[in-house]
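Residue numbers (UniProt numbering): 1 to 1065.
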Amino acid sequence: MATPAKNIAFSPDRLAHAVSHTLSVSTSPTATFQSPPSSFGGGKLSRSQTQAKQLKPFDTQDIKILLLENVNKSGRDILSEQGYQVEALKSSLPEDELIQKIRDVHVIGIRSKTKLTERVLREAKNLIVIGCFCIGTNQVDLDYAARHGIAVFNSPFANSRSVAELVIGEIITLARQLGDRSMELHNGIWNKVSSGCWEIRGKTLGIIGYGHIGSQLSVLAEAMGMSVIYYDVLNLMAMGTSKQVPTLEALLNEADFVTCHVPELPETKNMIAAPQFEQMKKGSYLINASRGSVIDIPALINAMRSGKLAGAAVDVYPSEPGANGDYFNNSLNSWAEDLRSLKNIILTPHIGGSTEEAQSAIGVEVGEALVRYVNSGVTLGAVNLPEVNLRSLTLDEPNHARIIYIHHNVPGVLRKVNEILGDHNVDKQITDNKGDVAYLMADVSNVTLSEIKEISESLEGLSWKVENGQFHYVQEPKVAFNKHTRRKDFSTSPPVEMLSRHSIPTCGCASLCQATYTPPVAEVSDNRISDPTSSSDSLSSIEVDASAQDAMRAGLASVIRLAAVPRTSAVFNRTGSHFSRKFQPFHVSNGLKKQDIGIRRASSASGGASESSSLVSRLRTIFWSTSVVVSVFLLYEAFTDTRFSLHRWLVVPALRFIYTDAEDAHRAGTQSLKRLREFGLNPREKGNPDIRGDLEVEVLGHILRNPIGTSAGIDKNGEVPDALLELGSAYVEIGGITPRPQDGNPKPRLFRIVSQNGLINRFGLNSEGADRVAMRLRERVRRFAHAAGYGSDEAALQRVLDGEAGVPPGSLKEGKLMGVQIAKNKNTPNDVDAIEKDYVYCVKALAPYSDLIVVNVSSPNTENLRDLQRQEPLTKILKGVVGAAQQTKRKTKPAVMVKVSPDEDSQEQIEGICQAVWESGVDGVIVGNTTTRRPPDLPISNPLALEETRLIFEKGGYSGPQLFEQTAKLVKKYRQTLDQTPQPQQDGPANTDENNQQEALSPLKQPIRKVVFCSGGITNGQQALELLNSGADMVQVYTALVYGGPGTISRMKREMRAELGKEAK
């Protein structure tokens, strides 16, 4: 039977003084550690490389440890080797029995079944640390433990491989129905079937939570031929070829196997419930080896019985038995028997990490963490306290004390602590905080026992304790020291080390020398550095002051900067063996400045003649070097300036010459822009001409710097929105983007009509898909948040999306907007409900990262798409998009606009579209897209080349200057029609006063001005002004940018300013 915890106290006649929960002092030895533990491995504790005797801060046999739930022998051995009292039990304990046991222990080790609640911890008067020999820590009241200075350690990595392998086995078992076949054969039934049995190769695994387990599982699954997608609240680097998806819904829609690896949090409780099961594929599989609260088990049972799921594997449950036995029944969980009755379901008793290898590694990892904390106060790996580490003290450091002070994180505490320590030599000090709790560790040298008493009494006056969840400052004596200067109340903090033997080293820089010295070192004699191995008569010497000699003899020569003369060698010697290092003229090695240590060059016989002879050569070198630098700088300035005319007259024709296929040239241009921006070499508008504000416009509640934007199609997948914004536009539209990836129409599908400066395209909305683009945009926002100093976690991301950075969340630039154009997939059934779901899916994925959602119903290259411009289907689709946009999880919601065709130009068609805009609540229209018209309906400005007479009739949409007149007419028509406020519908009974008031608030009765953007045939500033004066709020360019190059927008703005200047005169 284990002995009770000892009263570790001084006898009153030796030394008596008070110490708070947060201070402990010791003069006894402590183990020394140089590095944090490995996540895996079964080696013993890492020891110091020095020969000094290892030290411990107390009589280790006085430390009592309780281990529950059959902690692995590796962990027990590590603790026992320290001399601690270790009591190990094979099971958990009922709460009342646990309370009785925990009162006497200083350290407790548990696994997942033992619950250390506030009621239990309140009785643990001597407890200083908790070791969770598992991954999770949800079984511990972490907040209560932190507020009472009790550290909690776990093993977040050690069993990751075991869990990942279990999931792989369950995937194969479910896919082949091995569980059912095995059970049948155990019952004597031979049932050889292949129906519903699958290979896992080629199937998609969806991982929810891409941490240590999820990422390892990803690698294993890919090795077996599976495609892997994952969802995580953080943006994490993918392993192998796996891909992150932006939403849980996206993962559930695509995955054949779904596996959960998330912690138990309020956000993850029932995260897979009935709505999520509906989003999963029919015949898919679900695996849960994370936490029992993650899955709604009754909903899982219903999904299995309905045939929605083909199988499931469950390793964790909301309520689990405290010991092995026949306890998994309805008295534990009301649905247990229903769950057990299902076919093709694997039920395991929380054995994800239950392998010999995992448990051994966990024992080592947690055991070593406990020893480090108890012996040295190191909190590396603590889950509820700040992670603080200082090198442990050794016998080579006499009269040293380690001060550890855990306090409430409030202003003024550190100032008071430092005032107390200020009269002593503080060798090392570190502090950190985690929430309301701060942890300070300091090593003080040259202190006596009386000074330690004075320090502890002073800190006692700053001590705190918790009452009813609040921090109160108290001065409450609790502890007296015994001969080992160990306090009686061992409840809230690790010890402080006190070393009192051996003398101070003669070299005051000894620790620095050990840390930084790398042989060889300079040999100094007779005030001079010389080379005894050199036979050269021309050897010059370096004179060394006495202070330099002392420093170098102390072992600091490796950090001395030597300014050597020509043909001079310096010999570096550590142990008698010489190493010759040649110094060329003006060579300087790393370290101290020459003047800092008094090194000076000896006089030399070399005269000034050689120096004068080299002066001309040096000047010539400087001249040519300067010329090269200036030339490179001027070339850089010109190339990166949109006003550089060679962009238009050289780069654009060169692309046409090199890439005969127009789509290849387009792709090359986009990728070049992307790569150049990575190195700061992309063309951009310089000089900030918009700062004068003469082209400012108000659009959708934003003050934009100018009224020029770029159309969708230039950047189809959101790869270069920032580079496009830097060309000078105030609006960039990316897309069109479809819910699922699609290749578009067969190539070739983009044709140049150079004589007309026109293009014909039949891309067919080729897209990487909404999820992929959303990930790219999300990463863009994350990088912005990090650069702005908000961090890179989910909270930082949300702050930017909520507008706290002072910029629109789409463009991420003041005075500019970014829109995202969305469309339906080509293979979506021609059903309005299905089509609406396509658009809504895109909104949910992309709206958080955009300022404006553009609904494309006007592309001529997708079959039946333009039919959606009829009033009834258009109204339904737009209502769905507006509703989804309003649910975007950020403070400011994105605006919504609809892009209409230039070919639907009858007044009836225009009125139907405008009515749909008003009824749906859309913010406006974008007038113009490519046209299906051809000559003679399409005007031709120049004679066509021979090849162009064939190309002009290629199937697809035409864009070019010839569309300007049609665009101008449509802008006027849409402006006039939209400005006519529609009449409200008079439905229902006669209006009462209340009804009148409600109708007055109806969106249809508000005099809201709808926005009009326009695109088509705009090539210069005069045309842009004409359209703006006709009622447009924004003009967009596409083909003009293709032919005019990066300087197109800057040129148009200069032309607009010139035109406005003429009008002003």
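Idealized CB from N, CA, C, for every residue including glycine.
Using the Cα positions of residue i and residue j, report the straight-line distance between them to the nearest angstrom.
i: Leu-724; j: Tyr-636; result: 19 Å
i: Cys-1014; j: Thr-431; result: 59 Å
i: Ser-306; j: Pro-298; result: 12 Å
i: Ala-361; j: Glu-184; result: 37 Å
i: Pro-746; j: Phe-763; result: 8 Å
i: Ala-1058; j: Ser-672; result: 32 Å
i: Val-417; j: Val-71; result: 40 Å
i: Ser-354; j: Gly-75; result: 15 Å
i: Gln-962; j: Leu-727; result: 25 Å
i: Leu-946; j: Arg-648; result: 25 Å
i: Gly-283; j: Asn-825; result: 24 Å
i: Asn-425; j: Asp-141; result: 38 Å
i: Ala-554; j: Lys-428; result: Because the pLDDT at Ala-554 is just 38, under 50, the model does not fix this residue reliably, and the value given afterwards should be weighed accordingly. Roughly 22 Å separates the two Cα atoms.
i: Ile-172; j: Leu-812; result: 46 Å
i: Thr-379; j: Glu-678; result: 40 Å
i: Val-86; j: Arg-119; result: 24 Å
i: Asn-864; j: Asn-830; result: 8 Å
i: Gln-82; j: Asn-375; result: 10 Å
i: Val-699; j: Val-1035; result: 12 Å
i: Ala-712; j: Val-1012; result: 16 Å
i: Ile-940; j: Leu-655; result: 25 Å
i: Leu-650; j: Val-720; result: 22 Å
i: Ala-145; j: Ala-323; result: 26 Å
i: Lys-44; j: Lys-73; result: Here the model assigns Lys-44 a pLDDT of 38, short of 50, so the residue's position is not dependable, and the following value carries that caveat. About 13 Å.
i: Leu-874; j: Ala-916; result: 6 Å
i: Glu-476; j: Glu-460; result: Residue confidence is low: Glu-476 scores 29 on pLDDT, short of 50, so the model does not pin down where it sits. Its coordinate-derived value is still stated next. Their backbone Cα atoms lie some 8 Å apart in a straight line.
i: Leu-385; j: Glu-919; result: 56 Å
Based on the DSSP output, what are the partners of residue i in its beta bridges?
i: Tyr-439; result: Ile-406, Asp-432
i: Asp-641; result: Arg-684
i: Thr-204; result: Ser-227
i: Lys-64; result: Gln-85
i: Phe-153; result: Gly-131, Ala-382
i: Leu-759; result: Arg-752, Ser-959
With distance defined between alpha-carbon atoms, name the residue in the options nearest to residue i.
i: Val-262; options: Met-226, Ala-712, Ile-207; result: Ile-207
i: Ala-310; options: Leu-300, Ser-319, Val-316; result: Leu-300
i: Met-271; options: Glu-254, Asp-256, Ala-255, Glu-249; result: Glu-249
i: Ile-189; options: Ile-102, Ala-382, Asp-180; result: Asp-180
i: Thr-913; options: Gly-883, Ile-714, Val-855, Pro-894; result: Looking at the sequence shown, residue 913 is not Thr but Ile. When each option's Cα is compared against that of Ile-913, the closest is Val-855.
i: Asn-126; options: Ile-63, Leu-142, Ser-112, Asp-141; result: Ile-63
i: Asp-729; options: Ala-796, Ile-213, Gly-709; result: Per the sequence shown, the amino acid found at residue 729 is Ser instead of Asp. It is Gly-709 whose Cα lies nearest to the Cα of Ser-729.
i: Gln-1023; options: Val-1042, Phe-964, Thr-977; result: Phe-964
i: Arg-715; options: Met-818, Ala-796, Gly-693, Gly-701; result: Reading off the sequence shown, one finds Asp at residue 715, where the question assumed Arg. Minimum Cα distance to Asp-715 is reached at Met-818.
i: Glu-794; options: Leu-234, Ser-767, Leu-252; result: Leu-234
i: Arg-1009; options: Leu-1025, Ala-770, Asp-979; result: Asp-979
i: Val-927; options: Ser-850, Val-840, Gly-1017; result: Gly-1017
Starting from residue i, trace the beta strand (DSSP E) in both directions and tell me its first and last residue.
i: Val-86; result: 85–88
i: Ala-895; result: 895–900
i: Phe-1013; result: 1011–1015
i: Thr-241; result: Run containing Thr-241: none; DSSP gives neither H nor E here.
i: Cys-134; result: No beta strand (DSSP E) contains Cys-134, which DSSP labels as neither H nor E.
i: Gly-819; result: 817–822
i: Ala-310; result: 309–314
i: Asn-418; result: Note, Asn-418: premise wrong, no beta strand (DSSP E); alpha helix (DSSP H) at 413–421.
i: Asn-856; result: 852–856
Is residue i near the ligand COA, in the sense that its beta carbon is under 8 Å from a heavy atom of that ligand?
i: His-148; result: Looking at this structure, you won't find the ligand COA or any other ligand, since it has none at all.
Assuming residue i is part of the alpha helix (DSSP H), what are its boundary residues?
i: Ala-382; result: Run containing Ala-382: none; DSSP gives neither H nor E here.
i: Lys-837; result: 832–846
i: Glu-165; result: 160–176
i: Leu-978; result: 964–979
i: Ala-361; result: 356–376
Length-filtered (3 minimum) beta strand (DSSP E) runs lying within the region 869–928: 895–900, 924–927
Requested in this report: Counting only runs of 4+ residues fully inside the region 650–701, write out the alpha helix (DSSP H) ranges in chain order.
Outcome: 652–658, 662–678
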